[in-house]
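Here is the structure we will look at, set down as structure tokens.
Protein chains: 2
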Amino acid sequence: MTDVDHVAVVPSAPYQAVETNRERVSRRQVDKFAERRAQLADAALQTLAELGYARTSLREIAQNTEFSHGVLHYYFSDKEDLITHCVRQYEAACVTRYDEIVASASSAGELKREFSAAMAQTLRTDAPMHRLWYDLRNQSLFEESFRADVLEIDQHREEMIWRVISRYASFGGFSIALSPGAAYAILDGLFQQALLHHLAGDMDAAEVLRANVVRVLDGLEVRDSR
Amino acid sequence: MTDVDHVAVVPSAPYQAVETNRERVSRRQVDKFAERRAQLADAALQTLAELGYARTSLREIAQNTEFSHGVLHYYFSDKEDLITHCVRQYEAACVTRYDEIVASASSAGELKREFSAAMAQTLRTDAPMHRLWYDLRNQSLFEESFRADVLEIDQHREEMIWRVISRYASFGGFSIALSPGAAYAILDGLFQQALLHHLAGDMDAAEVLRANVVRVLDGLEVRDSR
DNA sequence: ACGCGGTCTTGACAGTCGTCAAGACTTTCT
DNA sequence: AGAAAGTCTTGACGACTGTCAAGACCGCGT
């Protein structure tokens, strides 16, 4: 799969996949190729997180690297190809964020405390990257190109949240009245609002977020006593 | 105030506010001016809702009118000025959307039913305009220019939601455990998720949204029985 | 009927964008 | 060492953007 991408991107090296002699060599080259791709995609991610989708140009991205702007078309066929790659790279760093908390917590109260604190901490330290995520998700409301990737990442985020919530419920010995989708949408709404206020200079936004998450989790807990 | 704007925008007509003789005349002209401004801003809103902020140009907006692209700089000093005016115009149509339901409902159950149904209906009929709202709100995460207006509109939306929620609580005879901000963020998160799925072709998105809103309102109701 | 001021069109400007071809440089293989 | 393949730079292209000046058009008041 990586071979196919490589060949498709570099028409000056149209070697066939049937080559068995220099297999080791091309493998190494593919690794180098993929490595630089990731490096450039990372620089693109930083630029996008700083300027937003609407204002990020390929030249601007290249200025955040040690290379010139032309190199981007050597490693990516297209601007859309680059951004798609960025989105996928973002997912990897994002979608297992709270899993260690789930693994290490030993009670409902501890999970609630640590999860809400972790969300607040994420807001404080990763606000630019998350505003980019919301920006790209919004782009997918207008153009179809990113939509499949966005939906897939959103699904993974939902599952991540559900791992937290269902673990929390099993600790507390109750079931959840909300669907995984609804639980994710609620927490995501809280985070997005906190992000807006945080970036607008509200210093209390993270703490308010933490308190709201705790209150929502408390609300889930009560639901089962009907 | 409108006079000041008019003069600021049209340097070829720098008449003073001290004019008392043709007061009636200039008043009429100001009305015409404001009327056309609103008409152009409306066309801009339609274009923005269709293409999104990143892809909307002044020439594209003008093509949705009977005029040429130059007229936009006659009525608006600047692209930012135009979009700011669009945002304000959007607010007027949006921020009192559910107030008549609040006024006409006569029980908690009726309010819950009608409000959730109205949100689902909004999703079905006004999806493009709402994706624009989310787009512009996201832009304000990157550039400061719209931020004040966005925060103001968000505040008004929060108050609108709170009018629904507090009315619902007073009908049911209980208090609400969530702050107005949290309640708004939760419902907004649900709507945004539904919007994404709706625009991605999920025909059930509106119905799922309705059910989720009902479930959230039910959750609020239970909270007070602790 | 004439002139004037508000309204609108036209065409151009400087800048930026994504894209790509041509070639220079670097690394690797024989 | 020489050749070949991979990597990167440079500079240009056409298209598109926001902006604005010059002037045409039109309706109104006198």
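Those sequence lines, one after another, are chains F and S.
Quick note on numbering: the working numbering labels position 90 of the first sequence as 90, and the sequence is numbered without any gaps.
Quick note on numbering: the working numbering labels position 185 of the second sequence as 185, and the sequence is numbered without any gaps.
Note that CB positions come from ideal geometry on N, CA and C, so glycine has one too.
Anything in chain F within Cβ reach of residue 137 of chain S, meaning under 8 Å, just list it in chain order. Within the second sequence, numbered from 1, the residue matching residue 137 of chain S stands at position 137. Using a Cβ-Cβ cut-off of 8 Å, residue 137 of chain S is close to 196 of chain F, given in chain order.
Residue 69 of chain S - DSSP class collapsed to helix/strand/coil: Position 69 of the second sequence, counted from the first residue, corresponds to residue 69 of chain S. Assignment of residue 69 of chain S by DSSP, reduced to helix, strand and coil, places it in the coil class.
For my contact list, residue 163 of chain S and residue 95 of chain S are in at a C-beta cut-off of 8 Å; report their separation, rounded to the angstrom. To locate residue 163 of chain S, count along the second sequence from 1; it is residue 163. To locate residue 95 of chain S, count along the second sequence from 1; it is residue 95. Between residue 95 of chain S and residue 163 of chain S the Cβ distance is about 11 Å, and since that is not below 8 Å, they are no contact.
Can a CB atom of chain S be found closer than 8 Å to the CB of residue 64 of chain F? If you number the first sequence from 1, residue 64 of chain F lands on position 64. Chain S, which has no Cβ nearer than 8 Å to the Cβ of residue 64 of chain F, makes this no.
Contact check, residue 49 of chain S vs residue 128 of chain S, beta carbons under 8 Å: For the purposes of this step, residue 49 of chain S is taken as residue 49 along the second sequence, with counting starting at 1. For the purposes of this step, residue 128 of chain S is taken as residue 128 along the second sequence, with counting starting at 1. With respect to the 8 Å criterion, residue 49 of chain S and residue 128 of chain S are classified as neighbours on the basis of their beta carbons.
Among S:178, S:196, S:151, S:125, nearest to residue 150 of chain F - alpha-carbon criterion: The sequence position of residue 150 of chain F within the first sequence is 150, counting from 1. Checked all of S:178, S:196, S:151, S:125; the closest Cα to residue 150 of chain F is S:196.
For residue 124 of chain F, go through chain S and note every residue whose CB falls closer than 7 Å to its CB, in chain order. In the first sequence, counting from the first residue as 1, residue 124 of chain F sits at position 124. In chain order: nothing, as chain S lies at least about 15 Å away.
As assigned by DSSP and simplified to three states, the class of residue 212 of chain F: Sequence index remark: in the first sequence, residue 212 of chain F carries index 212 (1-based). Helix.
With C-beta atoms as the reference, is residue 98 of chain S less than 8 Å away from residue 115 of chain S? Residue 98 of chain S sits at position 98 when you count from the first residue of the second sequence. Residue 115 of chain S sits at position 115 when you count from the first residue of the second sequence. In this structure, residue 98 of chain S lies near residue 115 of chain S, with their beta-carbon atoms less than 8 Å apart.
Interface residues of the segment 163-192 of chain F facing chain S [CB-CB below 9 Å]: Within the segment 163-192 of chain F, the qualifying residues are 177, 178, 179, 181, 182, 184, 185, 186, 187, 188, 189, 190, 191, 192.
For residue 220 of chain F and residue 178 of chain F, believed in contact at Cβ under 8 Å, the rounded distance: Residue numbering aside, residue 178 of chain F sits at position 178 when the first sequence is read from its first letter. Residue numbering aside, residue 220 of chain F sits at position 220 when the first sequence is read from its first letter. Their Cβ separation, rounded to whole angstroms, is 7 Å, which keeps residue 178 of chain F and residue 220 of chain F in contact under 8 Å.
By DSSP, does residue 238 of chain F sit in helix, in strand, or in coil? With chain F running from 1 to 226 in the structure shown, residue 238 of chain F is simply not present.
Tell me which residues share the same chain as residue 185 of chain F and place their Cβ nearer than 7 Å to its Cβ, disregarding the 5 neighbours each side in the sequence. For this step, residue 185 of chain F is matched to residue 185 along the first sequence. For residue 185 of chain F, where only same-chain residues beyond five positions count, there are no Cβ hits under 7 Å.
If we define contact as Cβ-Cβ less than 8 Å, is residue 120 of chain S a contact residue for chain F? Counted from its first residue, the second sequence places residue 120 of chain S at position 120. Interface residue (Cβ-Cβ distance to chain F less than 8 Å): residue 120 of chain S is not classified as such.
Given this structure, state the Cα-to-Cα distance separating residue 227 of chain S from residue 183 of chain S, to the nearest angstrom. Outside the displayed span of chain S (1 to 226) sits residue 227 of chain S, for which this structure offers no information.
Give a yes or no on whether the C-beta atoms belonging to residue 142 of chain S and residue 59 of chain F are separated by under 8 Å. Indexing the second sequence from 1 puts residue 142 of chain S at position 142. Indexing the first sequence from 1 puts residue 59 of chain F at position 59. Not closer than 8 Å, so no.
Which whole-angstrom value is the C-beta distance of residue 206 of chain F and residue 198 of chain F, which I expect to be below 8 Å? Taking the first sequence and counting its residues from 1, one reaches residue 206 of chain F at position 206. Taking the first sequence and counting its residues from 1, one reaches residue 198 of chain F at position 198. For residue 206 of chain F against residue 198 of chain F, the beta-carbon gap comes to about 6 Å, under 8 Å, which counts as contact.
Would you report the Cα separation of residue 40 of chain F and residue 108 of chain S, rounded to the nearest angstrom? Along the first sequence, read from residue 1 onward, the residue named residue 40 of chain F stands at position 40. Along the second sequence, read from residue 1 onward, the residue named residue 108 of chain S stands at position 108. Cα to Cα, the separation comes out at about 55 Å.
When burial is assigned at 16 or more other CB atoms within 10 Å of the CB, is residue 22 of chain S buried or exposed? Along the second sequence, one-based indexing puts residue 22 of chain S at 22. Annotation note: pLDDT 48 at residue 22 of chain S (below 50); position unreliable, no value reported.
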